[in-house]
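**Q**
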Amino acid sequence: MMNIIKNEIKKLLHDVGVEGEIELSTPPQVDMGDLAFGCFGMAKKLGKNPVEVAKEIKQKFEIRNSKFEILDRVEVFGPYVNFYLNVQELAKIVLDSKKYKVESKNKRVIVEFAHPNTHKAFHIGHLRNITTGETLVRILEHVGYEVIRANYQGDVGMHIAKSLWGIEQLKDEYEQVKNKSLHERIAFLGKAYAHGGQAYENDKKVEEEVKDLNKKIYERDVSIQDVYKTTRAWSLEYFDHIYKRVGSRFDRFYFESEVYESGKKIVHEFLEKGVFEESQGAIIFPGSRYGLHDRVFITSQGFPGYEAKEMALGRLQFDEYHPDEILHVVGKEQTGYFQVVFKALEQTLPESKDKEQHVIYGWVRLKEGKMSARTGKVVLGEWLIDEVKKQILDMMSDRELSNKDEVAEKISIAAVKYSFLKTGVANDIAFDFEESVSTTGDSGPYLLYIVARIKSILRKQETRNNFQIISNFQFPISNIEKKLLLQVARFSEVALQAAENMDPSKIAQYLFSLAQDFNNFYHDCPVLQADGDVKSFRLSLIQTTEQVMTKGLYLLGIETVEEM
RNA sequence: GUCCCGGUAGUUCAAUGGAUAGAAUAGAAGCCUUCUAAGCUUUAGAUCGAAGUUCGAUUCUUCGCCGGGACACCA
257 MMNIIKNEIK KLLHDVGVEG EIELSTPPQV DMGDLAFGCF GMAKKLGKNP VEVAKEIKQK
317 FEIRNSKFEI LDRVEVFGPY VNFYLNVQEL AKIVLDSKKY KVESKNKRVI VEFAHPNTHK
377 AFHIGHLRNI TTGETLVRIL EHVGYEVIRA NYQGDVGMHI AKSLWGIEQL KDEYEQVKNK
437 SLHERIAFLG KAYAHGGQAY ENDKKVEEEV KDLNKKIYER DVSIQDVYKT TRAWSLEYFD
497 HIYKRVGSRF DRFYFESEVY ESGKKIVHEF LEKGVFEESQ GAIIFPGSRY GLHDRVFITS
557 QGFPGYEAKE MALGRLQFDE YHPDEILHVV GKEQTGYFQV VFKALEQTLP ESKDKEQHVI
617 YGWVRLKEGK MSARTGKVVL GEWLIDEVKK QILDMMSDRE LSNKDEVAEK ISIAAVKYSF
677 LKTGVANDIA FDFEESVSTT GDSGPYLLYI VARIKSILRK QETRNNFQII SNFQFPISNI
737 EKKLLLQVAR FSEVALQAAE NMDPSKIAQY LFSLAQDFNN FYHDCPVLQA DGDVKSFRLS
797 LIQTTEQVMT KGLYLLGIET VEEM
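Listed below in structure tokens is the structure:
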């Protein structure tokens, strides 16, 4: 909608002699107009003072003196030409129920995310990953990409070996826990892994035993198959539970066990072609040839590392989907790793060139201070959600809702997801157990509250679906209402920007501003008490606001509630 | 040691090289017989340091200082 308005104004500016690309910004104050054109670039071209140029442009607008339906007036503020939109025209455009079609980009993108490892805890980092991946998928789909949701899960390697070692030590407990609940079995796996990991660090003998187990995993040794398959299935069952809980699904699950053999084969094949080298008994990719660093692809024991597996995974993904792009949503500590792996992949699979991309997200780190006693302990993803849910149920104690638990669950997921998404993807999040997942202010619940408030009003409007769609807005519209109209109008532009920069925080920030503008409106402009056209207008305005809010939240992977 | 990323109110985050650096939270003061107070209004508070480029720098360059990460057999 905003682009319709901006294009109108750009046309007018072209008519008065402004050439080239025109950027329109928003003035810092409401009383300075709704859109602004800075004359810096044009002044430079003409070798004039931008203040003079601005005056000249305004004069040309005055000389034309014809009616510009969309504009009330044009004013100059220093080097800026500012435009005051006609609010009736604005309302007409914004509340026009015509749906715009999203044009297909004719591009297929694989978004690979979540990728937890079996036998290991699902911690808050995974939660941020899955939240980020899910929103990227939705944003890219929204702007017209075909998206394949992929999840690459690690089910072979040293971490499994450590876990199996731990299970062996806790054999009795393992037998007991077999028939217990999923959460108990998962808790046991977490304990076994921690036990194995610790012993591995501190005991040379254990280290050897774990390495031997690793060998057995890669060789699919029969002696470990039963326990391996059983516990692997537990993990996968648990991941499934988490995916459902946070509202994600996947089109394709890849497993390391699926690609390690072919990965090793590819590396050996290209070893002969000189792409890889032997060094100290291992096979490495000489990244230093390309200004990167050398990395081991196959260990001196003959096992493929993550790097080698990626060679086969890449090939598999291109064979199966022929994507135009593959996005790997992975933590920022892997930046150097991906540079090398993409370069190596390019050598073994030329069509992957420039199509692989690492989408970086930051750490969820623990804030120092009060909670330092907990440092070192893994913070589980579900633990976080459950803690937030307790808080929310507490807040809801005086509410009488038949589906209270369901509502509290949705609000909790919203709180957690929004707290991850409101800040830039690559930024670290300082996680504080008390403050981080806020339920007031700039938070998920605040946004859901807007939707609930609007729905509540609409429910009370008896002729809900019958209120007049008005076409002439011949009544005064306040600045607060205008501000809300302008904010609503920005949505499609913001979504596009989020897609281009792959930055969901743009949407989160926008929705928060929208919420603030709505709350101002709410306190100032009664809807149900208003009469006639004004009432219809306000109903229509809040309904549109609700639609934009719900859509925006959907793009963030957040579900709304009717009441809260 | 080399390379990468970051440093903005007490705290957590914003700001295509442009108008008076915005929010949230914590603090202070108000607002519920009126569409959900998970809200609204008012108030106080910040660009790590030094040079440089520019009409103009939180933003770009260089150098410091501080923090985080990567750098060969883990995933």
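What the first sequence shows, in the working numbering, is residues 257 to 820, in sequence order. Backbone N, C-alpha and C define an ideal beta-carbon position, used for all residues, glycine too. The structure displayed is predicted, hence computed values, not measured ones.
1) So, at 6 angstroms on beta carbons, what are the nonlocal neighbours of Y430 in its own chain, with the 5 sequence-adjacent residues on each side left out?
2) Alpha carbon to alpha carbon, how far is I798 from E737? Give it in angstroms, no decimals.
3) Take K711 as the anchor and find which of L327, Q772, S796 and S658 has the nearest alpha-carbon.
4) Can you tell me the Cα-Cα spacing of P560 and R476, whole angstroms?
5) If you draw a straight line from the C-alpha of T591 to the C-alpha of L469, how long is it?
6) With which residues is A686 paired in a DSSP beta bridge?
7) Name the residue from V332, K361 and S419 whose alpha carbon lies nearest to the alpha carbon of H375.
8) Which ranges would you report for the beta strand (DSSP E) in the segment 706-745 if only whole runs of at least 3 residues count?
9) Give every residue of the same chain whose Cβ lies closer than 7 angstroms to the Cβ of Y810, excluding the five residues on either side of it in the sequence, and list them in chain order.
10) Would I680 and D759 qualify as a contact pair, given that the criterion is a beta-carbon distance under 8 angstroms?
11) I think E638 touches I498, with their Cβ atoms under 8 angstroms apart; what is that distance to the nearest whole Å?
12) Would you tell me roughly how many angstroms separate the C-alpha atoms of K626 and K666, rounded to the nearest one?
13) Is the segment 486-495 in contact with the segment 433-441, if contact means three or more CB pairs nearer than 8 angstroms?
14) Could you give the residue range of the beta strand (DSSP E) that holds N338?
15) Go through the segment 354-405 residue by residue and report every complete run of the beta strand (DSSP E) that reaches 3 residues or more, in order.
16) Taking the alpha carbon of Y494 as the reference point, which residue from K529, Q409 and S544 has its own alpha carbon closest?
17) Between the beta-carbon of F333 and the beta-carbon of M288, is there less than 8 angstroms?
18) By Cβ distance, which residues of its chain are closer than 6 angstroms to R621, with the 5 residues on each side in sequence left out?
19) For N373, count neighbouring C-beta atoms within 10 Å of its own C-beta (all shown protein chains included) and say buried if the count is 16 or more, exposed if not.
20) Under a three-way DSSP split, which group does V586 fall into?
21) Taking DSSP's pairing of strands, which residues face Y408 in a bridge?
22) Using only CA atoms, which one of S792, Q557 and A755 lies nearest to K390?
23) Would you kindly work out how many angstroms separate the C-alpha atoms of G351 and D507, rounded to a whole number?
24) Is it true that the segment 600-616 meets the segment 572-586, where meeting means three or more beta-carbon pairs spaced less than 8 angstroms apart?
25) Could you spell out where the beta strand (DSSP E) holding I326 opens and where it closes?
26) Cutting at 6 angstroms between CB atoms, please list the residues of its own chain near E563, excluding the five before and the five after it.
27) Could you please give the first and the last residue of the uninterrupted beta strand (DSSP E) stretch that includes A755?
28) May I ask you to verify whether the segment 443-462 touches the segment 535-547, counting CB pairs closer than 8 angstroms and requiring at least 3?
29) Taking one C-beta from the segment 775-784 and one from the segment 646-664 each time, how about it: are there three or more such pairs within less than 8 angstroms?
30) The beta strand (DSSP E) that contains E277, what's its start and end?
31) Rounding to the nearest angstrom, what Cα-Cα distance links I688 and Y766 in this structure?
32) Is the beta carbon of Q481 closer than 8 angstroms to that of H451?
33) Please report the Cβ distance between L527 and G570, rounded to the nearest whole angstrom; I am assuming they are in contact, meaning their Cβ atoms lie under 8 angstroms.
34) Between the Cα of V272 and those of I313, G558, A455 and E802, spot the shortest distance and give me the residue it belongs to.
35) Please state whether DSSP places S653 in a helix, a strand or coil.
36) Could you pull out every unbroken alpha helix (DSSP H) segment of at least 4 residues lying fully inside the segment 434-500, listed in chain order?
**A** This is what the structure gives:
1) I423
2) Approximately 10 angstroms between the Cα atoms of the pair.
3) S796
4) 14 angstroms
5) 30 angstroms
6) Answer is R621, bridged to A686.
7) S419
8) Considered as a whole, the segment 706-745 harbours no complete run of any beta strand (DSSP E) with no fewer than 3 residues.
9) Answer for Y810: R394, listed in chain order.
10) According to the sequence provided, residue 680 is Gly. The question's Ile does not apply to it. Result yes, Cβ atoms of G680 and D759 sit closer than 8 angstroms.
11) 7 angstroms
12) Bear in mind that the predicted position of K626 carries a pLDDT of just 36, short of 50, making it too unreliable to give a figure here.
13) A contact exists between the segment 486-495 and the segment 433-441.
14) Y336 to L341
15) 364-368
16) Q409
17) Remark: C-beta atoms of F333 and M288 approach each other more closely than 8 angstroms.
18) D684
19) buried
20) strand
21) Y510
22) Residue 390 is actually Glu in this sequence, not Lys. Among S792, Q557 and A755, the Cα nearest to that of E390 is on A755.
23) Just to set this straight, residue 351 is Leu in the shown sequence, not Gly. Cα to Cα, L351 sits roughly 37 angstroms from D507.
24) yes
25) It is not in any beta strand (DSSP E) - I326 carries neither H nor E in the DSSP assignment.
26) R551, F553 and V597
27) Premise fails: A755 lies in the alpha helix (DSSP H), F747 to N757, not in any beta strand (DSSP E).
28) no
29) no
30) First-last for E277: undefined, no H or E at that position.
31) Correcting the residue identity first, residue 688 is Asp in this sequence and not Ile. Each residue's Cα considered, the two are about 24 angstroms apart.
32) no
33) So it is not a contact: roughly 17 angstroms between Cβ atoms.
34) When only C-alpha atoms are compared, the closest one is I313.
35) coil
36) 438-458 and 460-474
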